[in-house]
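Here's what the structure looks like:
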């Protein structure tokens with residue numbers, strides 16, 4: 140049936156009748172957009188979509204995602220239900236990555252700075268590659284490749300590239316987790332982070348790590364938390380000086396003085412041992428890992444040292460020991476002290492006390508990589524290693540630095556003077572999708588494909604307890620700009636460029652490398668995908684977003700010992716810092732920006748912080764009563780000063796911070812990061828002092844003490860709180876809370892009476908309330 | 007205001023507040039799915055943001071007994087919706103599947119509906135939405151971009167419902183329980199948000215709403231919402247049974 144436009148419009152004008160006519164003619168229903176008075180178009184469905192499975196590269200620890208693509212454009216990122224790590228679930232960060240893909244300030248072409256004092260100017264890829272080759276030609280033995288901690292094939296390529304030029308591969312993570320990896324290795328004998336079987340635990344005891352917000356794999360942990368809260372409902376105890384998402388979710392929040400988390404863990408152990416709450420064999424296993432014993436950890440002394448009330452420590456210990464299976468883990472700020480290794484060692488050793496190592500509901504080991512030569516674990520190089528490396532840069536011993544995925548200029552404290560160190564390196568070559576502070580000072584800037592446009596792989600860490608290889612595939616091709624003047628970015632893959640610069644000696648392309656790895660997995664005859672031919676196998680792996688083998692589990696390692704050295708923390712000095720009040724600075728990852736890697740995304744910028752509800756800014760959280768005593772009000776501009784420098788942050792007092800602590804989110808304060816992030820807020824990382832963990836040399840990023848002073852200005856905090864009038868269930872009871880076995884009805888009734896009583900005071904009991 | 011006579015579906019949501027961790031995954035997923043305008047700093051400061059779903063945070067107690075309580079709030083898709091009868095142009099109405107629906111091209115922006123909504127989940131477009139340059143690439147073609155001067159709100163991702171309905175119809179089958187996920191329920195890592203068909207007694211949401219923790223927001227207004235909440239559990243709460251009984 141042929142129709143011209145006039146006939147088409149005439150027919151569709153007949154609304155429902157039109158639909159019948161076209162249906163009869165076999166015209167697909169979706170092509171009709173007809174407003175019917177009986178079936179109103181609440182919204183429209185246009186075209187067919189495709190969902191591609193991939194893995195999220197730099198923005199998660201190996202989550203599997205599905206990307207919705209329509210007409211060649213990525214529209215949405217959701218969790219991959221097939222993927223064993225996050226099982227179809229997401230975090231607040233997933234979709235923000237789309238805005239990096241389509242960012243209007245994406246680096247369009249390679250840019251070159253002809254002299255250190257000059258400006259970056261656009262050049263062709265041929266010119267850029269020529270400059271790259273020239274730099275490499277004189278850099279044998281004097282080259283450093285700097286990346287974020289990379290697992291999977293990209294990690295392997297970066298390492299092998301550095302090796303080929305007799306250089307070094309340095310990884311950078313501003314809130315480095317090296318202490319965590321060392322503690323896991325020394326206490327549990329594991330090379331990879333283990334699985335925390337939160338779902339099957341009855342008690343979870345965690346320290347410092349905001350695992351429901353930003354630490355590790357929040358999507359994975361969130362799924363497990365949902366299961367943990369179902370059924371017989373587990374009990375969560377969390378220790379952290381400020382209220383994070385995990386503290387907020389906890390049934391019992393302990394807020395120790397920063398740096399006393401190890402004390403607290405051993406205080407809990409002391410209660411368990413003294414009250415005989417666990418088997419003697421568990422006590423022996425624990426004491427063999429803690430050779431110093433518990434003599435110095437009488438719970439009353441611990442209460443004084445940690446600032447956590449005695450009865451809270453006792454409750455935590457009894458819950459942990461009595462309601463098993465129990466699991467204890469920690470990280471984040473708990474390990475970011477001069478005694479970080481001791482803290483985390485003591486925390487992980489608690490698992491020995493309740494016999495939860497290697498058992499359901501406890502800590503279970505993860506196996507090594509499913510692909511030979513591809514790293515399954517990665518962490519940032521220690522701050523001490525970085526200080527040594529930067530000394531080499533300054534001494535002129537490094538000719539070329541290649542940087543990718545690591546904004547070292549933003550992420551390093553002022554104390555190391557990173558900009559000045561980079562000036563001593565003749566060739567600074569940096570890759571990225573959107574400009575950042577490091578790319579901004581590079582000599583050669585190379586536009587990089589995002590994970591949505593390139594090949595790769597990832598080994599999730601922590602994994603689910605068995606081998607998993609996540610496969611990253613390009614889900615969209617190059618994007619043409621709106622005015623059709625060209626591509627929004629003439630970008631290339633980091634791995635591909637390195638391989639090209641190495642003249643194919645470490646591989647030809649990332650795609651080929653990944654496909655070969657898939658083929659090897661097929662040859663192994665194991666795992667989640669079975670197919671008769673390699674081609675079908677590859678298709679199956681790409682459709683599912685990876686390969687996993689439930690048959691290969693991790694082996695329990697040899698339990699080691701925790702050191703008795705440096706059991707108490709040291710902090711930076713404040714005596715010379717002028718006027719103000721002393722606070723302990725606890726930086727924390729922004730829920731939406733993380734360490735700043737998502738700062739360029741407006742969705743990430745606008746996303747309300749779950750605790751403060753603030754967005755688009757840098758705020759400082761202090762205890763509300765303490766703020767009142769100091770005369771600090773919300774929106775006061777605070778000068779936060781350490782021996783490393785000073786930043787400004789907006790005061791946000793609330794009751795979920797330990798007095799004496801000031802919490803400041805990481806992620807803002809970029810000089811260059813696209814239109815939405817540039818010169819916005821302050822960079823708290825810059826004022827960290829150079830205290831280090833005594834055993835690993837890791838940056839003790841939670842060991843800085845600051846002096847806080849009001850700047851004499853007050854501005855409105857950009858926050859969502861108060862934008863909508865609270866309409867609670869009952870005035871004074873905004874969220875209905877029930878006790879064990881209490882019904883919602885009974886709780887509402889009780890709330891109602893309590894509210895009425897508050898209105899009428901003592902008179903309430905004397906009137907008839909029926 | 008009449009109760010619609012439902013067909014085979016009565017879409018609704020069950021929010022288990024005990025599982026909500028306040029992570030904002032639902033909020034951003036909704037922003038991305040529904041082409042919600044960017045909430046710039048200026049709009050945040052002027053309290054002119056648009057967020058079809060929001061997670062409210064309330065403080066309870068003082069340090070160290072502080073509790074932060076989270077509760078996600080979106081359009082409650084009320085059976086007796088106060089927003090519906092006040093609309094002079096029938097831009098908002100109740101459909102046969104339990105949805106409170108907004109027809110954008112009918113809306114003339116009187117904002118009566120927003121005034122009538124006790125849940126404050128309707129949002130007015132004070133400005134023409136703007137997505138700079140290349141960011142328009144990620145707009146969802148299934149969802150109308152709303153222009154300045156009209157109201158918008160949570161649609162329960164009606165376009166996803168329509169898509170799934172058409173797929174099921176073309177395959178000659180019923181929509182399976184759990185087949186339709188709104189953007190927020192899909193993202194929610196802890197499964198605090200759950201979407202489904204209340205007309206199916208075997209659906210997950212139907213079973214969940216039998217929980218003794220179930221309640222609806224502001225039920226004193228008689229709006230009969232299609233969003234059911236399950237109360238937060240505090241295992242250490244002292245239940246004052248005697249108090250409730252003596253004054254009941």
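Chains as they are written, first to last, in our numbering: chain E, 140 to 909; chain U, 7 to 254. Quick reminder that beta carbons are idealized off the backbone N, C-alpha and C, glycines included. No experiment lies behind these values; they were computed from the predicted model shown.
Taking the alpha-carbon positions, what's the residue i to residue j distance?
i, j, result
"residue 169 (chain E)", "residue 241 (chain U)", "Bear in mind that a pLDDT of 46 at residue 169 (chain E), under 50, signals an unreliable position, so the model cannot answer this."
"residue 729 (chain E)", "residue 84 (chain U)", "35 angstroms"
"residue 408 (chain E)", "residue 429 (chain E)", "11 angstroms"
"residue 452 (chain E)", "residue 195 (chain U)", "30 angstroms"
"residue 383 (chain E)", "residue 60 (chain U)", "18 angstroms"
"residue 337 (chain E)", "residue 90 (chain U)", "45 angstroms"
"residue 543 (chain E)", "residue 239 (chain U)", "45 angstroms"
"residue 818 (chain E)", "residue 758 (chain E)", "15 angstroms"
"residue 553 (chain E)", "residue 783 (chain E)", "6 angstroms"
"residue 602 (chain E)", "residue 300 (chain E)", "27 angstroms"
"residue 832 (chain E)", "residue 380 (chain E)", "19 angstroms"
"residue 690 (chain E)", "residue 667 (chain E)", "10 angstroms"
"residue 506 (chain E)", "residue 768 (chain E)", "53 angstroms"
"residue 913 (chain E)", "residue 198 (chain E)", "Any answer about residue 913 (chain E) is impossible in this case: the structure gives chain E only from 140 up to 909."
"residue 815 (chain E)", "residue 722 (chain E)", "31 angstroms"
Going by CA-CA distance only, name the one from the options that's closest to residue i.
i, options, result
"residue 454 (chain E)", "E:403, E:813, E:422 and E:502", "E:403"
"residue 686 (chain E)", "E:209, E:224, E:215 and E:212", "E:224"
"residue 791 (chain E)", "E:735, E:859 and E:837", "E:859"
"residue 844 (chain E)", "E:889, E:780, E:855 and E:879", "E:780"
"residue 339 (chain E)", "E:362, E:481 and E:551", "E:362"
"residue 31 (chain U)", "U:189, U:69, U:131 and U:152", "U:189"
"residue 47 (chain U)", "E:835, E:823, E:836 and E:752", "E:752"
"residue 427 (chain E)", "E:507, E:344, E:492 and E:445", "E:492"
"residue 777 (chain E)", "E:789, E:769 and E:767", "E:789"
"residue 807 (chain E)", "E:733, E:874, E:770 and E:857", "E:733"
"residue 237 (chain E)", "E:683, E:567 and E:741", "E:741"
Run down chain E in chain order and give the residues with a C-beta less than 9 angstroms from the C-beta of residue i.
i, result
"residue 153 (chain U)", "Those do not exist, as residue 153 (chain U) stays about 15 angstroms from chain E at its closest Cβ, beyond 9 angstroms."
What residues in its chain sit with their C-beta under 6 angstroms from that of residue i, if we drop five residues either side in the sequence?
i, result
"residue 219 (chain U)", "236 and 237"
"residue 587 (chain E)", "570, 571, 572, 630 and 633"
"residue 320 (chain E)", "518"
"residue 128 (chain E)", "Limits of chain E in this structure are 140 at one end and 909 at the other, which puts residue 128 (chain E) out of reach."
Please work out which residues of its chain come closer than 8 angstroms, Cβ to Cβ, to residue i, disregarding the five sequence neighbours upstream and downstream, and give them in chain order.
i, result
"residue 450 (chain E)", "none"
"residue 891 (chain E)", "869"
"residue 371 (chain E)", "341"
"residue 619 (chain E)", "625, 626 and 627"
Closer than 7 angstroms by beta-carbon distance: list the chain E residues that pair up with residue i, in chain order.
i, result
"residue 239 (chain U)", "372 and 877"
"residue 25 (chain U)", "365 and 368"
"residue 177 (chain U)", "Going along chain E, no residue has its Cβ under 7 angstroms from residue 177 (chain U), so there is no contact; the nearest lies around 13 angstroms."
"residue 3 (chain U)", "The question about residue 3 (chain U) has no answer here: the residues shown for chain U are numbered 7 through 254."
For residue i, return the contacting residues in chain U, with the cut-off set at a CB-CB distance below 7 angstroms.
i, result
"residue 793 (chain E)", "65"
"residue 241 (chain E)", "140, 141, 143 and 144"
Starting from residue i, follow its DSSP beta bridges and name the residues at the other end.
i, result
"residue 596 (chain E)", "E:610"
"residue 345 (chain E)", "E:377 and E:468"
"residue 831 (chain E)", "E:838"
"residue 221 (chain U)", "U:235"
"residue 77 (chain U)", "U:62"
"residue 218 (chain E)", "E:204"
"residue 539 (chain E)", "E:282 and E:566"
"residue 793 (chain E)", "E:762"
"residue 292 (chain E)", "Paired residues: none, contrary to the question."
Which residues in the same chain as residue i place their Cβ atom closer than 7 angstroms to its Cβ, once the five residues preceding and following it in sequence are excluded?
i, result
"residue 640 (chain E)", "271, 272 and 275"
"residue 200 (chain E)", "355, 356, 599 and 600"
"residue 210 (chain E)", "186"
Identify the contact partners of residue i in chain E, using a Cβ-Cβ distance below 8 angstroms as the criterion.
i, result
"residue 4 (chain U)", "One cannot answer for residue 4 (chain U) here, as it falls past the ends of chain U, which runs 7 to 254."
"residue 45 (chain U)", "745 and 754"
Could you tell me which chain U residues have their CB closer than 8 angstroms to the CB of residue i, listed as they occur along the chain?
i, result
"residue 769 (chain E)", "Under the 8 angstroms cutoff, chain U gives no residues; its nearest Cβ is about 15 angstroms from residue 769 (chain E)."
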